[in-house]
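Read through the structure below, which is laid out as structure tokens, and then see the notes.
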Amino acid sequence: MEIRVTRVRKIYSDGRHNAFTGITSFNKRTYIAFRSGKTHVSMDGVITVIASDDMESWKEAAEITDPSMDLRDAKVVGFNDQLMVFYAGRNDDKHSSISFRTSKVSMFDRKCRLQSTHDLKGVPEGYWMWCVKPYRSELYGTAYRRIDGVYHVKLFRSADGIEWRETADFPVPGGEVHIDFDQDGTLWALVRDDCNNSIPTLCRIEPPYDKFSLSRALPLRMQGPMIKRLNGGCVIIGRCWDGAGRRNTRTDMYWIEDDQEPCFIRTLPSGGDTSYADWLDTAPGRAVVSYYSAHEYKMDEPHENEKALAKDPGHFEHTTGADIYLADISYK
3 MEIRVTRVRK
13 IYSDGRHNAF
23 TGITSFNKRT
33 YIAFRSGKTH
43 VSMDGVITVI
53 ASDDMESWKE
63 AAEITDPSMD
73 LRDAKVVGFN
83 DQLMVFYAGR
93 NDDKHSSISF
103 RTSKVSMFDR
113 KCRLQSTHDL
123 KGVPEGYWMW
133 CVKPYRSELY
143 GTAYRRIDGV
153 YHVKLFRSAD
163 GIEWRETADF
173 PVPGGEVHID
183 FDQDGTLWAL
193 VRDDCNNSIP
203 TLCRIEPPYD
213 KFSLSRALPL
223 RMQGPMIKRL
233 NGGCVIIGRC
243 WDGAGRRNTR
253 TDMYWIEDDQ
263 EPCFIRTLPS
273 GGDTSYADWL
283 DTAPGRAVVS
293 YYSAHEYKMD
303 EPHENEKALA
313 KDPGHFEHTT
323 GADIYLADIS
333 YK
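Spelled out as structure tokens, the structure:
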């Protein structure tokens, strides 16, 4: 598979930390949803939705807020003639591990006017619905929770985006899991596992989605995972870095041909706090990828040792603004 990045442009910037993107096409427009907050970990996050008719000029189309919660990790899909924005909320109640996290969906009409907001039903308390993808007449989502220091990840499905039912446990522990589908309905997943040195796992499950048939650790380190299934393999995109100290962070793209090792494609223009990409096919052999990066604000600086890094109050994830980018992709 020949995969090329033909152009990258910044499409949203306001000096705040804009991050964790989702992208979809709905009613002849392209929508991107993301979190906007003061910093990566501030408690003031809102969900911003921007829209474009041509993927060149972008305007704010909606904003989802909840004064009691930091809203994060937006994913957006067009489904059942509605634009659905899925996201998670966290509050600052350090004494409760259950109420600390909740997953929601806001539903918009064809003109991106808010119709309703719902808590996700059927998702156990404390689980964070992180990725949602449509396939045929249903939605599929991955949700995770940390219990006694161990991450647990589950696969769910839904006919309406509100009522969910569990279909399988992932065969490995992990946090954020991005998914995509083959034309025959096989689901492919890329699992983030920070408890295992951030070594991601490639998983596969076939209909009826009750038992995984593949679980393969990849020979690299990656966070903020994204996976796109193409003919004969998968594109994966995520945050990578150099060796000890997590320096030179950037958003990298790899191609994984079936049963082969990952092959590096290229680094997207990025640095500092970056990643959380999403993929949208626009024509045969053409796609766009949304992602965020802080490289125009502050890059991480080298330290003499990892102890210094651990005590660094200026660590990139905690202090910078970040912008939203869009990359044009061709493949054949």
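Per the working numbering, residue 3 is the first one in the sequence shown, and the count goes up by one each step.
The C-beta atom is built at its ideal place from N, Cα and C for all residues, glycine as well.
Beta carbon of residue i nearer than 9 Å to that of residue j
{"i": "R268", "j": "D254", "result": "yes"}
{"i": "I66", "j": "I49", "result": "yes"}
{"i": "T23", "j": "Y278", "result": "yes"}
{"i": "M3", "j": "G176", "result": "no"}
{"i": "A338", "j": "M45", "result": "Absent from the model: residue 338. The displayed extent of the chain is 3 to 334, so no value can be given."}
{"i": "N20", "j": "Y333", "result": "no"}
{"i": "V134", "j": "V155", "result": "no"}
{"i": "N142", "j": "L85", "result": "The sequence given here places Tyr at residue 142; Asn does not occur at that position. Not closer than 9 Å, so no."}
{"i": "T276", "j": "R249", "result": "no"}
{"i": "V43", "j": "V78", "result": "no"}
{"i": "R159", "j": "R167", "result": "yes"}
{"i": "I13", "j": "S38", "result": "no"}
{"i": "G80", "j": "P136", "result": "yes"}
{"i": "I5", "j": "D280", "result": "no"}
{"i": "G151", "j": "V107", "result": "no"}
{"i": "D196", "j": "Y153", "result": "yes"}
{"i": "R92", "j": "N29", "result": "no"}
Buried or exposed (CB count within 10 angstroms, at least 16 for buried), residue i
{"i": "A219", "result": "exposed"}
{"i": "M71", "result": "buried"}
{"i": "G323", "result": "buried"}
{"i": "K230", "result": "buried"}
{"i": "P126", "result": "exposed"}
{"i": "R223", "result": "buried"}
{"i": "S118", "result": "exposed"}
{"i": "I149", "result": "exposed"}
{"i": "T144", "result": "buried"}
{"i": "G240", "result": "buried"}
{"i": "Q262", "result": "exposed"}
{"i": "A191", "result": "buried"}
{"i": "V179", "result": "buried"}
{"i": "V290", "result": "buried"}
{"i": "G128", "result": "buried"}
{"i": "P221", "result": "exposed"}
{"i": "R18", "result": "buried"}
{"i": "S272", "result": "buried"}
{"i": "F266", "result": "exposed"}
Inter-residue Cα distance where the pair is residue i and residue j
{"i": "D1", "j": "L73", "result": "In the structure displayed, the chain extends from 3 to 334; residue 1 sits before or after that span and is not available."}
{"i": "E165", "j": "G124", "result": "6 Å"}
{"i": "T321", "j": "G47", "result": "14 Å"}
{"i": "D171", "j": "C205", "result": "12 Å"}
{"i": "S217", "j": "E208", "result": "13 Å"}
{"i": "A63", "j": "S27", "result": "14 Å"}
{"i": "G187", "j": "L232", "result": "13 Å"}
{"i": "L157", "j": "D121", "result": "17 Å"}
{"i": "R9", "j": "L328", "result": "8 Å"}
{"i": "M57", "j": "S215", "result": "38 Å"}
{"i": "F360", "j": "S139", "result": "Past the boundaries of the shown model lies residue 360; the chain is included only from 3 to 334, so the question cannot be answered."}
{"i": "I326", "j": "S292", "result": "7 Å"}
{"i": "I238", "j": "I331", "result": "13 Å"}
{"i": "K213", "j": "A76", "result": "27 Å"}
{"i": "T169", "j": "Y299", "result": "42 Å"}
{"i": "C236", "j": "W257", "result": "6 Å"}
{"i": "Y211", "j": "R194", "result": "20 Å"}
{"i": "G274", "j": "F110", "result": "33 Å"}
{"i": "R115", "j": "W243", "result": "40 Å"}
Three-state secondary structure assigned by DSSP to residue i
{"i": "T251", "result": "strand"}
{"i": "N198", "result": "helix"}
{"i": "T67", "result": "coil"}
{"i": "N307", "result": "Because N307 carries a pLDDT of 48, less than 50, the predicted location of this residue cannot be relied on, and no value is offered for it."}
{"i": "T203", "result": "strand"}
{"i": "T321", "result": "helix"}
{"i": "Y211", "result": "coil"}
{"i": "N20", "result": "strand"}
{"i": "M224", "result": "coil"}
{"i": "S272", "result": "coil"}
{"i": "L122", "result": "coil"}
{"i": "H154", "result": "strand"}
{"i": "C114", "result": "coil"}
{"i": "V291", "result": "strand"}
{"i": "G245", "result": "coil"}
Cβ distance (whole Å) where residue i is taken to contact residue j below 8 Å
{"i": "V7", "j": "L270", "result": "7 Å"}
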